[in-house]
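Quick note: the sequence shown uses numbering that gives the first Met the number 0, first residue 0, plus one each step.
Here a beta-carbon is modelled for each residue, glycine too, at the ideal position from N, C-alpha and C.
Remember, it's a predicted structure, so these values are computed and weren't measured experimentally.
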Amino acid sequence: MTYSIRSRSWTVLFYVCMFCLYLIPAAIILGPALLHPKTIFVGTNQDSGQFMWYLGWFWHALVNGQNPLTTTAVNYPYDFKLMLNTSIVTEAVVFGPLVYLANTVFAFNVVVLASLVLSGLFGYSLLRAVGARKWLAVLGGLLLEMSPFTVNQLVDGHINFSMSSAIILAILSVTARFLQRQRRPVATGGLIGALCVAQFYTSLEMFATFTLMAVIAVVFYTLFSAKTLMHRTLTRIHFQAAVTALTVTLALTLPGAWLFLAGLHGHSTPFMPRNIWVTDVVNLLLPTTAQWLHTGLSARAVHRFTGDLSEMGGYLGIPLVVGIVWILFACHRQKWVWVLFIVGSAATVLSFGPHLHIFGHITKIRMPWVVVERLPLLQDATAGRIMFYADVSFVTLLVVGLERIMRTSRGRVPKGVATYLLLIAAACAWIPTAKFWHQHVLPSSNLFRQTDFQTVIDHQPVTVLVNGYWSFGYVMQALADSGYSFPVTNVYGFPYTSWMANGRLEQEFSNDFLFESDFSRYASNTYDDSLAVSNLRKYIAQRHPAHILWLQGYSTPLPPTLAYALTQVCGRPMTMDGSYLWQVPSLSS
0 MTYSIRSRSW TVLFYVCMFC LYLIPAAIIL GPALLHPKTI FVGTNQDSGQ FMWYLGWFWH
60 ALVNGQNPLT TTAVNYPYDF KLMLNTSIVT EAVVFGPLVY LANTVFAFNV VVLASLVLSG
120 LFGYSLLRAV GARKWLAVLG GLLLEMSPFT VNQLVDGHIN FSMSSAIILA ILSVTARFLQ
180 RQRRPVATGG LIGALCVAQF YTSLEMFATF TLMAVIAVVF YTLFSAKTLM HRTLTRIHFQ
240 AAVTALTVTL ALTLPGAWLF LAGLHGHSTP FMPRNIWVTD VVNLLLPTTA QWLHTGLSAR
300 AVHRFTGDLS EMGGYLGIPL VVGIVWILFA CHRQKWVWVL FIVGSAATVL SFGPHLHIFG
360 HITKIRMPWV VVERLPLLQD ATAGRIMFYA DVSFVTLLVV GLERIMRTSR GRVPKGVATY
420 LLLIAAACAW IPTAKFWHQH VLPSSNLFRQ TDFQTVIDHQ PVTVLVNGYW SFGYVMQALA
480 DSGYSFPVTN VYGFPYTSWM ANGRLEQEFS NDFLFESDFS RYASNTYDDS LAVSNLRKYI
540 AQRHPAHILW LQGYSTPLPP TLAYALTQVC GRPMTMDGSY LWQVPSLSS
């Protein structure tokens, strides 16, 4: 009895220590947000505001009898299918009530915290399932939590990708445990299917790339096990579990898939630009400014890469590369070693994109992604985000390989010490910077909640003028906090590259004046006043706003040409807390 109590006490202490360890990266990334949850959120990019809007929208739509997957609350008066955007339905279902219990910023911070800690816990569970001892699995889980893919995505507040990391690790953990024990196939299959559905409604892109990498893993596993394929198929894959998982996945993802495909309207142009957000070869060994290990020299070097910091998640680090080489040398006769290495290498090569990038220079060397990007759904994927699967494969290879080495070393202290030192070095290389980016919520967001403003607007559609495409993300956070009290003609986060440049978006959104109400083009002194007036009238006729709003604090001063057009068409504006509100007259005459 005493032994049992002591054993349980040590087990509880172990898990408490592990949980506290996994809180450290989250605390580094969230930083001041943990102390001031009402005023600060992680991420300098306006993407954070977009995600806050989605966190509250799902339950708001249900309570008001609306479809949570389509809306006219943005992009008014046109119906906007949210599956074309990063609608994070899964997070909204689970964490959305926090928006109403507290506020959008608090809910957003909780999602960041949960996604990081869950990534560590599910990473630990996966490594334990494949045979790693507890403390090796703990360090491996810490590595998976601090994956450069996840950390760099959070620079711009991409909680869809940080939560995708946790869900995918959960799928792999449950699958690995089932393949070992073969217990309760229907229940396990249902759980795997439910997790796949959760991933689908978190990020359709990650769902597609996960499917691709799963197929690659199964193909290479089959090739390495060709002689005993039938035996392995019958003993390792349970038919009931597979059918249940597939049925649950297809049944519950069908509505979202239909809305996504219907929203494309037959267009085949990729959402995102090619040859920009990819992994630079140098990035494999060079940390970015999102990693603690970076220096001023490395920061200047990384600045030469294409894309932005949030998409530079290809960093592996010298300790991890050294560990992989060690495992390949020490365990080269093990088939699973080569399967994991090939899958990780395949993910790395695919993340290079259509052409190889070396120090920011786009070479003419064509890479396998030129074939993959032609597949359904994957044409809209960003190549650099495939690197997450390389992180998972290589960390699993390292941890399980080190476990095998420690078992065969027969208790030799030097190899045991070297094993833990290598894992600690790999973890140190991946520690996020303590100076992570944070953004204060602008005080003008309180305008939407004021009684005078609500009385004037009276639930009528509004055009919110912003000085650039991304700026509307800040407004979305304020709209969510105000309870979605009025629709806006703006839309944020929709593909803004080739479709918009070719005019294809205008077929659906009918915006010849300014996409997003982006007035950056009017900053030029050469823009004609009469043309501005003409375009404004045309825009009003197409979008039917009742009011046009310029928010103080969210935008730079209005260009004189645009200010002149607004005054000519709408008259003098009302002033509220330094912001300007124009009432749009009827243009029928």
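The stretch 163-178 / the stretch 313-326 touching (three or more Cβ pairs under 8 angstroms): Touching, no, given that fewer than three Cβ pairs across the two stretches are closer than 8 angstroms.
Pairwise C-alpha distance: Leu100 and Ala131: 41 angstroms
Per-residue DSSP class, three states only, for Ala213: Ala213: helix per DSSP, three-state reduction.
Endpoints, the alpha helix (DSSP H) within which Lys334 is located: 334-349
Closest by C-alpha distance to Phe13, when choosing among Asn74, Leu135, Tyr77, Val109: Leu135
The stretch 79-98 touching the stretch 15-26, judged by at least three CB pairs closer than 8 angstroms: The stretch 79-98 vs the stretch 15-26: no contact.
Cβ distance (whole Å) where Ser118 is taken to contact Leu143 below 8 angstroms: The pair is a contact, with the Cβ atoms about 6 angstroms apart (cut-off 8 angstroms).
Tyr21 versus Val116 - alpha carbon distance: Each residue's CA atom was taken as its position, placing Tyr21 and Val116 some 6 angstroms apart.
Gln49: first and last residue of the uninterrupted beta strand (DSSP E) it sits in: Where Gln49 is concerned, there is no enclosing beta strand (DSSP E), although the alpha helix (DSSP H) it sits in stretches over 46-62.
Stretch pair the stretch 446-463 + the stretch 350-358: three plus CB contacts closer than 8 angstroms: They do not touch, by the three-pair rule.
Cβ shell of Asn159 (< 6 angstroms), same chain only, five flanking positions each side left out: Thr85, Ile87, Thr201, Ser202
DSSP state of Lys434 mapped onto helix, strand, coil: coil
Short Cβ contact (8 angstroms threshold) for Gln179 with Ala106: Judged by beta-carbon spacing, Ala106 lies beyond the 8 angstroms limit of Gln179, meaning their Cβ atoms are not closer than that value.
Cβ contact (3+ pairs, closer than 8 angstroms) linking the stretch 394-402 and the stretch 320-334: Enough Cβ pairs lie closer than 8 angstroms, so yes.
Ala91 versus Gly55: straight-line alpha-carbon distance, rounded: 6 angstroms
Rounded C-alpha distance that separates Phe206 from Thr450: 43 angstroms
Whole-angstrom distance between Phe57 and Ile357, CA atom to CA atom: Approximately 43 angstroms, taken between the alpha carbons.
Proximity of Leu68 and Lys80 at Cβ, strictly below 8 angstroms: yes
Burial state of Ile28 (16 or more Cβ within 10 Å): buried
Nearest neighbour of His35, chosen from Val73, Asn108, Cys19 [CA to CA]: Asn108
contact_flag[the stretch 274-287, the stretch 239-252] where n(CB pairs < 8 angstroms) is 3 or more: As far as the Cβ criterion goes, the stretch 274-287 does not touch the stretch 239-252, which means the pair count is below three.
Close beta carbons around His237, own chain, < 7 angstroms, minus the five adjacent residues each side: Excluding residues up to 5 positions away in sequence, Gln181, Pro184 lie with their Cβ nearer than 7 angstroms to the Cβ of His237 in the same chain.
Contact under 8 angstroms by Cβ, Phe50 with Phe387: no
Sequence-distant residues of its chain with Cβ nearer than 8 angstroms to Cys19 (five each side left out): So the list is empty, once near-sequence residues are dropped.
Counterpart residues of Tyr579 in DSSP-defined beta bridges: Trp549, Thr574
Inter-residue spacing [alpha-carbon to alpha-carbon] between Ser588 and Ala540: Here Ser588 scores only 45 on pLDDT, less than 50, and its place in the model should not be relied on; the value that follows carries that caveat. The alpha-carbon atoms of Ser588 and Ala540 are separated by roughly 11 angstroms.
Length of the line joining the Cα atoms of Cys569 and Gln582: The alpha-carbon atoms of Cys569 and Gln582 are separated by roughly 6 angstroms.
Proximity below 8 angstroms, CB of Glu204 to CB of Arg373: no
Distance between Trp549 and Tyr483 (C-alpha atoms, nearest Å): 18 angstroms
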